[in-house]
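Take the sequence shown: its position 51, counting from 1, is numbered 118 in the numbering used here, and each next residue is one higher. Working notes for the structure below.
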Amino acid sequence: ALDLVASGTFNFDLREDGSGRPCITEINAGRFPAGSGIFNLTGKHNLALLYLRLGMGEPVGIRAEHDSTDECYQLRDLDALPAVFRPDELFERFEDARSE
68 ALDLVASGTF NFDLREDGSG RPCITEINAG RFPAGSGIFN LTGKHNLALL
118 YLRLGMGEPV GIRAEHDSTD ECYQLRDLDA LPAVFRPDEL FERFEDARSE
């Protein structure tokens, strides 16, 4: 059911079924997704700080709601810090494990 007066942060996961139709696989209400901090590196606004300021009744002064880019890739791994790369930077730090 959808709460018509819901507020706060929500996130959800989607996966396509066999015909390509998106299906909701997970809904998380009341918390930011674990990797959301990485998105602060591509835009000019910090989402967690924005919500904190709103909760404290402080003005936020955002005029442009959409400030992200499609020109970035997020890479994450268990043994490395997550990072955001632009297409021309994507393979700069990779090494071919087959080379001697």
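Where is the CB? At the ideal position from N, CA and C, for every residue including glycine.
Quiz prompt | Spatial distance of Val127 from Gly87 (CA atoms) | solution = 39 Å
Exercise. With DSSP as the reference, please indicate the residues paired to Tyr118 in a beta bridge.
Key: DSSP output for Tyr118 lists no bridge partner at all.
Practice problem: Provide the residue span of the beta strand (DSSP E) that contains Pro149, from first to last. | Solution: Ala147 to Phe152
Quiz prompt | Option in Ser166, Lys111 and Gly122 with minimal Cα separation from Arg130 | solution = Lys111
Self-check item: Pairwise C-alpha distance: Arg165 and Ala96
Solution: 45 Å
Quiz item: Whose CA, out of Arg160, Gly75 and Ser103, lies closest to the CA of Gly122?
Solution: Gly75
Practice problem: Determine which residues share a DSSP beta bridge with Asp144 and list them. | Solution: Ala147
Quiz prompt | Distance cut-off 7 Å: Cys90 Cβ against heavy atoms of the ligand GDP | solution = Ligands are entirely absent from the displayed structure, and the ligand GDP is therefore not among its contents.
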